[in-house]
Ligand code: ADP
Ligand code: MG
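Numbering (the working numbering), first residue to last: 4 to 401.
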């Protein structure tokens, strides 16, 4: 199976690339990972529960401070954009870097902007970024980019910000500067996850707990399947689902659907009357929050394999009630489960992107091949399949 780290990816190489771009060594190198969400999909904007884990794939930021207030940005993934130069004092959402090639720079520039807006004493910097997180695959390369940048600036300017605070600044950057209405999950996962654990996050209270998810010790693996498709409806459908949830919460007289406990689901559905679609949207969110709590309870007592059926049930709910799956994601789940996987589901917003499959270590290779064969037989583009273990969150490497 493919090397999840990417050949040669590491702090030395990123520091050398920094030196080649800027003509001197960086002050340090920071890493921030991509993530998958184990369970709890489309719950974050309903103030609900999520449970992501960090991938071994990381974005590395090599950085050095600058005394002149300039922010210079370069990405190994977008060499054609060259070095993009901005001024911290002039950063504004309305004056974000323009042009398709420079769009990537809105993410790190947004982080510096969010810090400045929060009254933090952030100054100029040179940054070079390298990443092994697949982009646009629902694995949160955007959060990895933001959090790597934030971790670097936090240390360079001795801001002393805790990981959760960095995550909130990064979310603000993505919402207000880049213009993507994401929840708090991705950035929190990248900033706060720890090795061998999934992160149980209450997206309203922002309380979080590391839940043991030691797949290696149990002889298990999580296969990530990047379908390499992203369907046209994705953005519109995301906004539409958010709006439906807000409509339902208003109709039910609650602040957010998180406030409907599982035991009140039946009466809530009855209160919603004839609107079958709205009822199914609500049923997904309420049962999905319940599945997160069930998964936490199982993992707390070491019943890792028993999480498998919850994943598959979560997928059915995303597919049938929330209608955010697609044929490629469904095929991953069906083919993997038919081949003996412990459970599988789409992960991330849906309409393409990635799925996760819980497998035994012994079955990982075979089931990965079954999924690839199923894609070939269906005439789909070959997916990227790789086994993962819960990995560390953001950290300084050098
Ligand atoms: P996801 O977060 O699921 O990967 P997004 O659409 O939210 O998908 O973010 C992908 C975008 O993030 C890319 O199109 C690019 O602009 C930016 N990006 C992520 N990683 C890098 C990187 N290492 N270098 C430059 N841009 C990056
Ligand atoms: Mg993203």
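Glycine included, each C-beta is placed from N, C-alpha and C at the ideal position.
By DSSP, does residue 5 sit in helix, in strand, or in coil?
-> Confidence at residue 5 is low in this model, with a pLDDT of 42, below 50, so the placement of that residue is unreliable and no value is reported for it.
When the distance is taken between beta carbons, is residue 374 closer than 9 Å to residue 226?
-> yes
Distance, residue 127 Cα to residue 179 Cα = 21 Å
Proximity of residue 66 and residue 33 at Cβ, strictly below 9 Å | yes
Among 368, 384 and 398, which residue has its Cα nearest to the Cα of residue 390?
-> 368
Among 137, 195, 349 and 360, which residue has its Cα nearest to the Cα of residue 80?
-> 137
Taking just the CA atoms, how far does residue 264 sit from residue 276?
-> 18 Å
Residue nearest to residue 157 in terms of C-alpha spacing, selected from 189, 124 and 146 = 124
Should residue 117 be listed as close to the ligand MG, given that the test is whether its C-beta is under 8 Å from any heavy atom?
-> no
Could you give the uninterrupted runs of the alpha helix (DSSP H) lying entirely in the stretch 234-295, keeping only those of 4 residues or more?
-> 237-255 and 268-274
Beta carbon of residue 41, beta carbon of residue 298: below 9 Å?
-> yes
Secondary structure at residue 389, three-state DSSP: helix, strand or coil?
-> strand
Closer than 8 Å: residue 146 CB and nearest the ligand NAD heavy atom | You won't find the ligand NAD in this model; what it holds is the ligand ADP and the ligand MG.
Could you check which residue in 245, 16 and 306 has the C-alpha nearest to that of residue 287?
-> 245
Residue of 69, 78, 120 and 82 minimising C-alpha distance to residue 94 = 120
If you follow the alpha helix (DSSP H) that residue 145 is part of, which residue opens it and which one closes it?
-> 144-159
Contact test: residue 114 Cβ vs the ligand ADP heavy atom, cutoff 8 Å | no
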